[in-house]
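Trainee:
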Amino acid sequence: MNRHKISTRWMVGATAVLSVLSGCAAQGPATKAELCSDFDAVSHELYRGVFSDNGVFRAAGDLAGTAARYDGSTAVQASADGIKKISKSRSTTLNELRNATIAIADTCGHPLGLNF
């Protein structure tokens, strides 16, 4: 009986450690593919709803986090704060989003909203 309790505790502990480590892995440097995927997700959400739609702001928040972790361009990293402010504002315009994502558009090769 004690043997079973010890192995169960060990498995629970090991699972917790692996969960923490897998979460940390997502916080490393972002790739260009990750950056552009999140950029395209914002465009997709723009087509799905209006500018007060929560999907746009969730996608912008994800993009801000990825941009902050992108080592390929200091301009992209610098844009993260502006995008994060937009994501928390719950109100924006297409021009405001485009202006905040110019460096990302340059990196990904297309402007916001034109990823087809």
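According to mature numbering (1 follows the signal peptide of the UniProt record, and there is no 0), the stretch in the sequence shown is residues -25 to -1, 1 to 91, in order. Ideal Cβ placement from N, Cα and C applies to all residues, glycine included. Predicted model only: the values in this text are computed from it and were never measured.
Determine the extent of the alpha helix (DSSP H) in which residue 38 is found, giving its start and end residues.
Mentor: 29 to 44
Trainee: Under 7 Å, do residue 55 and residue 42 count as touching if we go by C-beta distance?
Mentor: yes
Trainee: Going along the chain, which residues of its own chain have a beta-carbon closer than 7 Å to the beta-carbon of residue 100, five neighbours each way excluded?
Mentor: Any property of residue 100 remains undetermined from this structure, which presents the chain solely from -25 to 91.
Trainee: Check whether the Cβ atoms of residue 38 and residue 13 lie closer than 7 Å to each other.
Mentor: yes
Trainee: If we call anything under 7 Å between Cβ atoms a contact, is residue 5 one with residue 44?
Mentor: yes
Trainee: Measuring alpha carbon to alpha carbon, tell me which residue in 30, 21, 80, 3 is nearest residue 63.
Mentor: 30
Trainee: Which first and last residues belong to the alpha helix (DSSP H) in which residue 66 is found?
Mentor: Run containing residue 66: none; DSSP gives neither H nor E here.
Trainee: Who are residue 55's beta bridge partners in DSSP?
Mentor: Residue 55 is not bridged to any residue.
Trainee: Taking its Cβ as the centre, do 16 or more other Cβ atoms sit within 10 Å of residue 66, making it buried, or is it exposed?
Mentor: exposed
Trainee: Should residue 73 and residue 89 be called a contact, given that it needs their Cβ atoms to be closer than 7 Å?
Mentor: no
Trainee: Would you mind giving the Cβ-Cβ distance between residue 58 and residue 75, rounded to the nearest angstrom? I have them listed as a contact below 8 Å.
Mentor: About 5 Å; that satisfies the 8 Å criterion.
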